Amino acid sequence: MRRLAVLLSGRGSNFEAIADAVDSGRIPDARIVAVVSDVADARGLARARERGLPAFAVERGGFESRAAHEREVLRVLEEARPDLVCLAGYMRILSPGFVGRWPGRILNIHPSLLPRYPGLAPQRRALEAGDTESGCTVHRVDEGTDTGPTVLQKRVRIEPGDTEETLAARILEAEHEAYPEAINRVLAELDDRPAVH
Ligand code: GRF
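Numbers 0 to 196, taken from numbering that gives the first Met the number 0, label the letters of the sequence shown in order.
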């Protein structure tokens, strides 16, 4: 049984897509052992509680420094002993020490075809550039922002008349397919290796 942890800061639709995939067996032999948020009233955290999953709020405001906050997130995660940590709209940059704790086992999803448009507002930037396609990328997290080796990408067309909202919604649908698929790929690679706790 593989153990998944999810970090989120907001809406949590990717978390729900992952949880649905676990529940339906599309991600087989896995369970979600922790959902952690830096925002106590994040909708995703409420949804995690409704599903009866272990949900933890670790708010930045309760800590004197960014490092102290991250240490607490790390402590909560370590207790859950995840095999894979999935960032799903988690709006904080992870320190190199955090990333090094689960090398190659922290995933992130980003609403662009990386390496195009890392960082904020990628959908708007794709529209402004006049691109005809966009999409999403699931990648392994390294020490950069939205860098790290790609696990998979899904493409979507940019239609004439698209706004930032319509494009974001179309990309989000692709994200909900992409994340469970990417998790399966990474878990399959881990299958031959013992979990590092
Ligand atoms: C998604 O667009 C994801 O790609 C980005 O943040 C957004 C999170 O959405 N990193 P949600 O909270 O999963 O609904």
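No residue lacks a Cβ here, since even glycine has one placed at the ideal position from N, Cα and C. Keep in mind that this is a model prediction, so the values were computed, not measured.
Residues bridged to His138 (per DSSP): Asn107 and Thr149
How many angstroms separate the CA atom of Ile105 from the CA atom of Pro148? 11 Å
In chain order, what are the residue ranges of uninterrupted alpha helix (DSSP H) at least 4 long that sit wholly in the segment 7 to 53? 12 to 23 and 42 to 49
Are three or more beta carbon pairs between the segment 44 to 61 and the segment 24 to 33 nearer than 8 Å? yes
Within 10 angstroms of its Cβ, does Glu174 collect 16 or more other Cβ (buried), or is it exposed? buried
For Ile157 and Glu223, the rounded distance between their alpha carbons: The requested residue 223 does not occur in the structure, where the chain is confined to residues 0 to 196.
If I measure Cβ to Cβ from Leu113 and keep anything under 7 Å in the same chain, skipping five residues before and after, which residues do I get? Thr136, His138, Asp145 and Thr149
Any non-hydrogen atom of the ligand GRF within 7 Å of His109 CB: yes
Cβ contact (3+ pairs, closer than 8 Å) linking the segment 0 to 9 and the segment 73 to 92: yes
With the cut-off set at 8 Å, would you say Asn13 and Ala120 are in Cβ contact? no
By DSSP, does Phe55 sit in helix, in strand, or in coil? strand
Which class does Glu63 belong to by DSSP, given the choice of helix, strand or coil? coil
Tell me the residue span of the alpha helix (DSSP H) that contains Leu186. Glu163 to Leu189
Go ahead and pull the three-state DSSP assignment for Ala128. coil
Taking all protein chains shown into account, do 16 or more other C-beta atoms lie within 10 angstroms of the C-beta of Ser111, making it buried, or fewer, making it exposed? buried
Coil, strand or helix - Ala87 by DSSP: coil
Neighbour-count burial assignment, Ala39, 16 or more Cβ in a 10 Å radius: exposed
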